[in-house]
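Single-structure report; data block below.
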Amino acid sequence: MTLNVKHFAGVAEMNVTLGLPRLIEIFDATKNPSTPAMEVYLKKDYSKDPKVVRKIAYKLKETVLEDIATEFLIDVTKMSVKVVLDKDKLRNLGMTEATFIKVLSKSLRNIQVRANKNEIVLKGKEEGLNDLYALREKARTAFISGVKGVTHVLPVKRGNEFVILTAGSNLKDVFEIKEVDAGRVISNDIHEIAKVLGIEAGRQAIINEAYKVISNQGLDVDIRHIMLIADAMTAQGIIRGITRTGLTGEKESVFARASFETPIKHLINAAMTGERDELNSVIENVILNQPVPLGTGLPDLVVTTKESKK
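Residue numbers (the working numbering): 2 to 311.
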């Protein structure tokens, strides 16, 4: 297993973590994956024409005020922030001025928003200089359009249709776009899948993501091993990682807990509380160098001697 990272040529922001780091993310059930991504498939009527696909991709990409502005100026005399807009980028949004002002006002609550040709003037209730600088920084990230969390989009052709690859994941909002084929959208964010589609979908996502990583490395692992891990991680109706605070930390056996990461801590705590280990599982018997109570290790053999026969 290597530290491979799959990337898209010329688009550094759309790297996708693979290899060992990705496996660690999956089995640790990391809530914020390092490179969340989606594969967005479109309905047949929209997936053939590259111009239509490009327009939908632009609709998916999250646009903040900084993306369509050329300058953010502070006017100390009027205690306001002036935002100079890029005409072409604003036109590409397909918004009227009234709609744009309404959306910006919703993003910047309690801020007075006024349009002046290709400029926007922002004025807050606070009138300190520090407040002006804070308002300018807040304005930069004000949401305008698109799907929140989707920072980059890349349409690619697969077979006879176009698919939109995204950096960032937001299944719930993507499903609401009419051109999207919701039944074929793929995300690599396991927790988001479980939240939006349910724990069974989350289980399947664990299997798919882990198997994809292993297959890309040229390794041959029976998928039933991965299915068993996914079952254990989702058995309680939530996704739990194989960590000392997750599945491993909940084991009844003292030696099983001690075999993972922090052995001294578990052994001391068990000794202080007088815990008893029944040695019913595999790892604790391996640690103590004795037969495991499974298979041929289950029966006890009693040898009958000649004297006992008499």
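Idealized CB from N, CA, C, for every residue including glycine.
Same chain, Cβ closer than 7 angstroms to residue i, neighbours up to 5 away in sequence not counted
i    : result
T306 : none
N33  : none
A259 : H267, L268
F256 : D278, I284, E285, I288
R241 : A30, M234, G247, L248
E1   : Not covered by the structure: residue 1. The range shown for the chain is 2 to 311.
Enclosing beta strand (DSSP E) for residue i [first to last residue]
i    : result
T167 : 162-168
N117 : 113-117
When the options are compared against residue i, the one with the closest alpha-carbon
i    : options                : result
S254 : T263, A272, E40, L280  : L280
F73  : Q291, L123, I224       : L123
L24  : D190, L295, M96, D301  : D190
K62  : I165, G242, V197, M234 : I165
M39  : I27, V175, R115        : V175
E177 : Q237, L43, S35, I27    : L43
T249 : E262, V222, Q237, I239 : E262
V65  : E138, R55, D76         : E138
F144 : L155, L130, K103, K179 : K103
L155 : D46, V54, L302         : V54
S146 : I227, E128, I57, A211  : I57
Contacts around residue i, its chain only, beta-carbon distance under 8 angstroms, and the 5 residues preceding and following it disregarded
i    : result
L4   : Reliability of the predicted coordinates at L4 is poor, the pLDDT of 49 falling under 50, and no value is obtained from them.
N161 : K49
E120 : K83, V84, V85, L86
E98  : A116
G125 : N111, I112, Q113, D132, L133, L136
N319 : Lying before the first or after the last residue shown, residue 319 is absent from the chain, which here runs from 2 to 311.
Residue i Cβ short of 8 angstroms to the ligand FAD heavy atom set
i    : result
R115 : With respect to the ligand FAD, the structure offers nothing, as it holds no ligand at all.
First and last residue of the uninterrupted alpha helix (DSSP H) at residue i
i    : result
L155 : Premise fails: L155 lies in the beta strand (DSSP E), 153-159, not in any alpha helix (DSSP H).
K103 : 98-108
A195 : 191-198
I230 : 224-235
A58  : 51-61
For residue i, the residue or residues it bridges with in DSSP
i    : result
D76  : S81
A202 : Bridge partners of A202: none, in fact.
T121 : Looking at the sequence provided, one finds Ile at residue 121 rather than Thr. I121 pairs with V84, A116.
A257 : Note: A257 sits in no beta bridge, so no partner.
Close-in-space but distant-in-sequence residues of the same chain around residue i (CB under 6 angstroms, 5 per side omitted)
i   : result
F28 : I243
field: Complete alpha helix (DSSP H) runs within the stretch 262-288 (minimum length 4 residues, chain order)
entry: 264-274, 283-288
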